[in-house]
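Line by line, the protein sequences are chains A and B. Every letter in the first sequence is one number past the one before it in the working numbering, and letter 185, counting from 1, is 186. Every letter in the second sequence is one number past the one before it in the working numbering, and letter 187, counting from 1, is 179. In this text, a Cβ means the ideal position worked out from N, Cα and C, and glycines have one as well. First comes the structure, then the notes that go with it.
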Amino acid sequence: MINGRTRWWRLLLPVLSLAVLVGLWAVVAHLAASRTLPGPGAVLAVLVREASSGALFHHLGITLARMAAAFVIAMSIGSALGILLGRSASADRLFGPWLTVFLNIPALVIIVLAYVWFGLTEAAAIGAVAVNKIPNVVVVLREGARAIDEQYVEMARCFRMARSDVLRHVLLPQLTPYFAAAARSGLALIWKIVLVVELLGRSDGVGFQIHLYFQMFDVAGILAYTVAFVAVVQLLELCVLQPVEGRLTRWRPVRAEA
Amino acid sequence: MALVGPSGCGKTTTLNIAAGLDRAFDGTVTYAEPNPVIGYVFQNPRLLPWRTVRQNVTLVLPKARRNGGGGLVDEWLSAMGLSDVADQFPTRLSVGMARRVALARAFVVQPDLLLMDEPFVSLDEPTAQRLRALLAAMLERRPATVLFVTHNLREAIQLADRILVMAPGPTRVVAEVPVPVARGMRDDAMVEAFRAELLARPDPVFRVLA
Chain A
2 MINGRTRWWR LLLPVLSLAV LVGLWAVVAH LAASRTLPGP GAVLAVLVRE
52 ASSGALFHHL GITLARMAAA FVIAMSIGSA LGILLGRSAS ADRLFGPWLT
102 VFLNIPALVI IVLAYVWFGL TEAAAIGAVA VNKIPNVVVV LREGARAIDE
152 QYVEMARCFR MARSDVLRHV LLPQLTPYFA AAARSGLALI WKIVLVVELL
202 GRSDGVGFQI HLYFQMFDVA GILAYTVAFV AVVQLLELCV LQPVEGRLTR
252 WRPVRAEA
Chain B
-7 MALVGPSGCG KTTTLNIAAG LDRAFDGTVT YAEPNPVIGY VFQNPRLLPW
43 RTVRQNVTLV LPKARRNGGG GLVDEWLSAM GLSDVADQFP TRLSVGMARR
93 VALARAFVVQ PDLLLMDEPF VSLDEPTAQR LRALLAAMLE RRPATVLFVT
143 HNLREAIQLA DRILVMAPGP TRVVAEVPVP VARGMRDDAM VEAFRAELLA
193 RPDPVFRVLA
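Right, dumping it as structure tokens:
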């Protein structure tokens, strides 16, 4: 039975769960009593220090900007290619093998090659992240394009609907779940690769900071930036991705709760 | 014209060829006017589930006619009794209502050729009767060439000017039967009598109607 109490419990449970995790961390850190595992208090102190100096927001902002740029590039190019391969059997036969090759090149190799070929530039950094993500997006959108229900396309053809209308009103809405899946897994992939790109060839950003703290053996600093970054990505998921996905799928019939 | 015949004899394929959806055939399709406007009422309504009822009916109009045609769309929705659900998504509609939206969508383009593939199948009889009456009224308002596939001989007799009997292997029209009484004068008694007469005809092609 759904009642007010159940709703509160649903909101409280994740918070309680995370509190347990933090509590566990505090206990283990206390028991370990080692420089390499600072407790939540020490990490919080670093967070406050970096936030008040503005450094935290500067580096977070730079990293998020790189993520956003790579995300937009990868989703646009990847979606276009994925839809093409899904709708055209000949294109798929021709370029399918290339996709397999690019899917299997390690991220590190792409990053290193980008820096070697294009220099230690912002463009190379963002490009490397995008190139890492594009094959994943292509695979997901290709599946989506293959799964398109032809009966609606036939209906549109019958009524002589314009190509742009077919794309906008018949094809793209069916691809929404696939866009969402590609966006979600892409976000998770991108933010990890962005940190490596920054560590290897940039002089700012969360990855650069983590590398700096690594060289100083300052684990509290590493953890502080990690916590801040994970929190921001979670916020993005909650405040941007989920509402957008909800709006795009509001036509779906709602299943009754058991 | 009603197309009647046994399952699998090629009635839907005939409609699809006429609509230009099926191009895997030898031969030609000739229209009285080049590039006729086609309205197709599919057996499964094929409404876009992610667009509202109003949007489904509006989107089949050419872009140039959509804004001015807002009145036209509302007019057809009102004629079908759908004004109250115009802003709903099709997943919330009953089968009967979805079929009415499909009818409105086919009529709003003012078709030269209206193709209908068993549009009233699996509906309860009162709803089907209402929709048949609606269709007849629509055609009085705006005549069009109609190709109507049905398994229901009574429905064919009620609505058609001519009944084309089809047979399989190879798909072909084996008989063409004009319905002798004007549509407005076809009551239940007339329909039953004509049906019995068709089924009693000695020509073996009429066996498929039973």
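Check	Outcome
Could you tell me whether any Cβ in chain A is nearer than 8 angstroms to the Cβ of residue 83 of chain B?	yes
Unbroken alpha helix (DSSP H) runs of length 4 or more, entirely within the segment 60 to 94 of chain A: which are they?	none
Measuring straight from C-alpha to C-alpha, what distance separates residue 156 of chain B and residue 37 of chain B?	24 angstroms
If we count the other Cβ atoms within 10 Å of its Cβ and call it buried at 16 or more, is residue 240 of chain A buried or exposed?	exposed
Using beta-carbon positions only, say whether residue 141 of chain A and residue 182 of chain A come within less than 8 angstroms of one another.	yes
Mind reading off the beta-carbon distance from residue 105 of chain B to residue 30 of chain B? Whole number of angstroms is fine, and I expect it under 8 angstroms.	5 angstroms
I want to see whether chain A comes within less than 8 angstroms of residue 23 of chain B, judged by CB atoms only; does it?	no
Taking the alpha-carbon positions, what's the residue 77 of chain B to residue 50 of chain B distance?	14 angstroms
By alpha-carbon positions, which one of A:180, A:211 and A:204 ends up nearest to residue 193 of chain A?	A:211
For a contact defined as C-beta to C-beta under 7 angstroms, what are the partners of residue 42 of chain B on chain A?	174 and 252
Smallest Cα separation from residue 99 of chain A: which of A:109, A:110, A:86 and A:119?	A:86
Would you say residue 171 of chain A reaches chain B, if we count a Cβ-Cβ gap shorter than 8 angstroms as a contact?	yes
Could you round the C-beta distance between residue 92 of chain B and residue 72 of chain B to whole angstroms and report it? I think they count as a contact, below 8 angstroms.	4 angstroms
Of all Cβ atoms in chain A, is any one closer than 8 angstroms to the Cβ of residue 145 of chain B?	no
Residue 30 of chain B versus chain A: which residues are under 8 angstroms apart at the beta carbon?	159, 160 and 161
Is the Cβ-Cβ distance between residue 46 of chain B and residue 69 of chain B less than 8 angstroms?	yes
Please find out if some non-hydrogen atom of the ligand HEM comes closer than 7 angstroms to the beta-carbon of residue 213 of chain A.	Of the ligands one can find in the structure shown there are none, so the ligand HEM has no counterpart to examine.
Relative to the C-alpha of residue 100 of chain B, which candidate in B:134, B:5, B:18 and B:142 has its C-alpha closest?	B:134
What residue range does the alpha helix (DSSP H) around residue 145 of chain B cover?	145 to 151
Can the beta-carbon of residue 5 of chain B be found less than 8 angstroms from the beta-carbon of residue 18 of chain B?	no
Give, in chain order, every residue of the segment 145 to 159 of chain A whose Cβ lies closer than 7 angstroms to some Cβ of chain B.	152, 153, 155, 156, 158 and 159
What residue from A:28, A:158 and A:129 has the CA that sits closest to residue 190 of chain A's CA?	A:129
What's the C-alpha gap between residue 89 of chain B and residue 20 of chain B?	36 angstroms
At 4 residues or longer, what runs of the alpha helix (DSSP H) sit wholly inside the segment 127 to 160 of chain A?	151 to 159
Identify the continuous alpha helix (DSSP H) that holds residue 49 of chain A and give its terminal residues.	41 to 54
According to the neighbour-count rule (16 or more other Cβ atoms, all chains shown, within 10 Å of its Cβ), is residue 205 of chain B buried or exposed?	Residue 205 of chain B is absent from the structure shown; chain B starts at -7 and stops at 202.
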